[in-house]
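First residue of the sequence shown: 3, per our numbering; consecutive thereafter. For glycine and all other residues, C-beta sits at the position ideal for the given N, C-alpha and C.
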Amino acid sequence: MMRYPLLDTISDPTQLRKLDRRHLPQLADELRTFLVESVARTGGHLSSNLGTVELTIALHHVFDTPHDRLVWDVGHQTYAHKVLTGRRAGMARLRMQGGVSGFPKRSESPYDTFGVGHSSTSISAALGMALAAKTKGEARKVVAIIGDGAMSAGQAFEALNNAGVADADMLVILNDNDMSISPAVGALNRYLARLFSGSSFNAARKAGEKILDFSPSLREFAKRAEEHVKGMLTPGTLFEEMGFNYIGPIDGHDLESLIPTLHNLKNLKGPQFLHVITKKGQGYKLAEVDPVLYHGVSKFQPDVGIAGGSGGGKPSYTQVFGDWLCDMAAADSRLVGITPAMREGSGLLRFSESFPERYYDVGIAEQHAVTFAAGLACEGLRPVLAIYSTFLQRAYDQLLHDVALQNLPVVFALDRGGLVGADGPTHHGAFDLSYLSCIPNLLLMTPSDEDECRKMLTTAFGHDGPAAVRYPRGGGPGVAIDPQLVGLPVGKGEIRRRGRDVALLAFGSMLTPALAAAAELGATVANMRFVKPIDRELILSLAAEHSLLVSVEENAVIGGAGAEVARVLEEAGSLARLLRLGIPDRFIEHGDQTLLLADVGLDRAGIVHAVQACLSATADAGAAPAANPE
């Protein structure tokens, strides 16, 4: 007997659309079981994907994909979409090097209409697609699927504001899996959803508008009456005011409600808004109970669930930050902690429980988070903003204009600096040293180990201006941590190994592979610590004593720490040769963190090879005979 009798027959949505509606609940059950078993083997995002199984089936059953466009927000919830669009076999290598991406990716499938990974982009992209279809005279439907968390971001409301007045044939689906508004999703709501989306209701409304055209005052009265009736029954006033026809809320796990409603909405023109209620972890009891724990998972046994950690291992950089935050908060009442919807991921859970009055989760609103921190700093507080490197990119203007320009004491704890692994190019923190080092007033540090991270955070907190501590995903080399709150001398690096001829200038996480490479090369190693202000004196002393300087950073080689080293040499008129190693000028795909670093030459072997190749090229150039003047 086949394990998945219905799912085994589906390799693309065309086959799905041929299924009788009565069989779709069985397909949903099989698909949910497959996702649990698949993600348990590979790791990945689980809770959000279990919550969108029925919605995904309904969308592909009703709409003519890929001709009709589905635009997913963030992309954490698209595993069912990938399975139903011919990538079921590829799920065995989900998020692995050369395997299926954990997010929609245009180069991977025509069904992935827009590449995502960051939140709140779907409505903007869908509006662009809808208006492009109109411009080209193409008849197609465009659907944006966005979560309630992503809806809190400013870009989503900017897009709604634009779409509501644009003559765009598009549907926005709010996948509400956490908000407490309008929890009722029973038979009455189902009836109302069908009523308000149905052809009879909307035809009557259009006919009424024509009849009442002769009397603007009467037409306005009728409109207000309609809005009043709908307002008593639905929570969609905001979206109605923005120009959308609001439908819902409806049960996002009820295919008998979803499919007729989507069919009705498919036949309506103009901007439509459907509000669906779903449950993260739906169908897998352990994930239903703790959807946060099962949001992003490593490999686990489905029948057992995620086992608790044994403890006693070396702490991650995130944990080092979380412990420091609590310790510093206890020592200084001015400290406040801020996160844009990443409490657990950024290590603020214990702080939020210990200091709730000084903890602020601002939602997915990075721009607001930075300017909010600036406002706190203006009033004498010391805000610490914990944020992933890749997400700070979204608040660059606020960082520059609202914080740095005013020289405000805001600490940026930048997690996930460098290559993060399985989440891939949307989440790699590959550019922060480049985009931060050019900003005046900013103190920028890169810890090489756990103890140094704690000391740098203390240094940043005591700095009378903006400061950033940038640390990688995962753990460090396992250095013992001094529990004291002591800082480091600003702008000073250190020599960690004495050698000759070659000096490796290591920034942050690259110290460990640099030390390993130096043992083979007989090279000097400097732990640079600071990108800004960079240790000018140390660089020039190394340049005077060595024939080759090599900067090593887990950051884009263009404009990063190595560029600062080059600037120092150039300004001093030094003739020392500089080799800059870092992430090459391309987007790095997803895969195992260690393998990715090796692929870009930022491990021991890669550093050794690059240095030896440079020395060999120099020797060959020196040994070349002089050009024949004839």
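**Q.** Cut-off 6 Å between Cβ atoms - residues of its own chain near ALA496, not counting five sequence neighbours on either side
**A.** According to the sequence displayed, residue 496 carries Glu and not Ala. Excluding residues within five positions, the ones whose Cβ falls inside 6 Å are ASN529.
Q | Contact set for SER318: own chain, Cβ-Cβ below 7 Å, skip 5 residues either direction | A | GLY476 and GLY477
Q: Pick out the complete beta strand (DSSP E) segments inside the region 420-473, 3 residues or longer, and give them in chain order.
A: 445-447 and 469-472
**Q.** Cβ distance (whole Å) where ALA633 is taken to contact VAL55 below 8 Å
**A.** Because the chain spans 3 through 632 in this model, residue 633 falls outside it and cannot be assessed.
Q: State yes or no: is the C-beta of VAL533 within less than 8 Å of the C-beta of SER553?
A: no
Q: Tell me the start and end of each unbroken alpha helix (DSSP H) in the region 331-393 that is at least 4 residues and wholly inside, in chain order.
A: 351-356 and 368-380
Q. Measuring CB to CB, does PHE393 end up less than 8 Å from THR448?
A. no
(Q) With the cut-off set at 8 Å, would you say VAL73 and VAL167 are in Cβ contact? (A) no
Q | As assigned by DSSP and simplified to three states, the class of GLY528 | A | Note on residue identity: the sequence assigns Ala, not Gly, to residue 528. It is a strand residue.
Q: Compare the C-alpha of LEU270 against each of CYS328, LEU173, ASP253 and LEU295 and name the closest.
A: LEU173
Q) TYR286 and LEU29 look like a contact to me (Cβ under 8 Å); what is the Cβ gap, rounded to whole Å? A) Not confirmed; about 17 Å, so no contact.
Q. Which of the three DSSP states, helix, strand or coil, is assigned to ASN51?
A. helix
Q: Can you give me the Cβ contacts of PRO15 inside the same chain, cut-off strictly under 7 Å, excluding the 5 residues immediately before and after it?
A: HIS62, THR67, LEU86 and THR87
Q.
For THR461 and LYS268, I'd like the C-alpha separation in whole angstroms.
A. 57 Å
Q. Does the beta carbon of ASP253 come closer than 8 Å to any beta carbon on chain B?
A. Chain labels in this structure do not include chain B; a single protein chain is all it has.
**Q.** Secondary structure of ASP329, DSSP reduced to three states
**A.** helix
Q) What beta strand (DSSP E) runs, 3 residues minimum, are completely inside the region 67-121? A) 71-74
Q. Going along the chain, which unbroken runs of the alpha helix (DSSP H) with 4 or more residues stay wholly within the region 132-178?
A. 156-165
Q) If we call anything under 8 Å between Cβ atoms a contact, is GLY347 one with GLU556? A) no
Q: Answer yes if the region 348-359 comes into contact with the region 136-145, meaning at least three C-beta pairs across the two stretches below 8 Å, and no otherwise.
A: no
Q: Could you pull out every residue in the same chain whose Cβ sits closer than 8 Å to the Cβ of THR44, ignoring the five residues on either side in sequence?
A: MET93, ALA94, ARG95, LEU96, ARG97, MET98 and LYS301
Q. Assuming PRO342 and ALA379 make a contact with CB atoms under 8 Å, what is their CB distance in whole Å?
A. Not really, about 17 Å apart at Cβ, beyond 8 Å.
(Q) Per the DSSP calculation, GLN614 is bridged to which residue(s)? (A) The partner list for GLN614 (beta bridge, DSSP) is empty, contrary to what the question assumes.
Q. What's the gap between the Cα of GLN157 and the Cα of ILE148?
A. 12 Å
Q) Grouping DSSP H, G and I as helix and E and B as strand, with all else coil, what is ASP253? A) strand
Q.
Tell me whether the region 424-432 and the region 365-384 touch, counting them as touching only if at least three CB pairs, one residue from each stretch, are closer than 8 Å.
A. no
Q) Any chance the region 319-333 sits against the region 453-468, with 3 or more Cβ pairs inside 8 Å? A) yes
Q: Return the CA-CA distance between LEU550 and ALA574, expressed in angstroms with no decimal places.
A: 16 Å
Q) Would you report the Cα separation of SER576 and ALA470, rounded to the nearest angstrom? A) 29 Å
Q) So ARG108 packs on GLY119, CB below 8 Å; how close in whole Å? A) Actually they are not in contact, since the Cβ atoms of ARG108 and GLY119 sit about 12 Å apart, beyond 8 Å.
Q: Find the nearest neighbour of ASP70 within the set PRO112, ASP329 and GLY46, judged by alpha-carbon distance.
A: PRO112
Q | Member of GLY46, ARG23, GLU39 and ILE59 whose CA lies at the smallest distance from the CA of SER13 | A | ILE59
Q. Ends of the alpha helix (DSSP H) at SER40?
A. 26-44
Q: Spell out the partners DSSP gives TYR1 in its beta bridges.
A: Nothing can be reported for residue 1: it is not among the residues displayed for the chain, which extend from 3 to 632.
**Q.** Residue environment, SER154, which counts as buried when at least 16 other CB atoms sit within 10 Å
**A.** buried
Q: Specify the secondary structure class of GLN400 as computed by DSSP and reduced to three states.
A: helix
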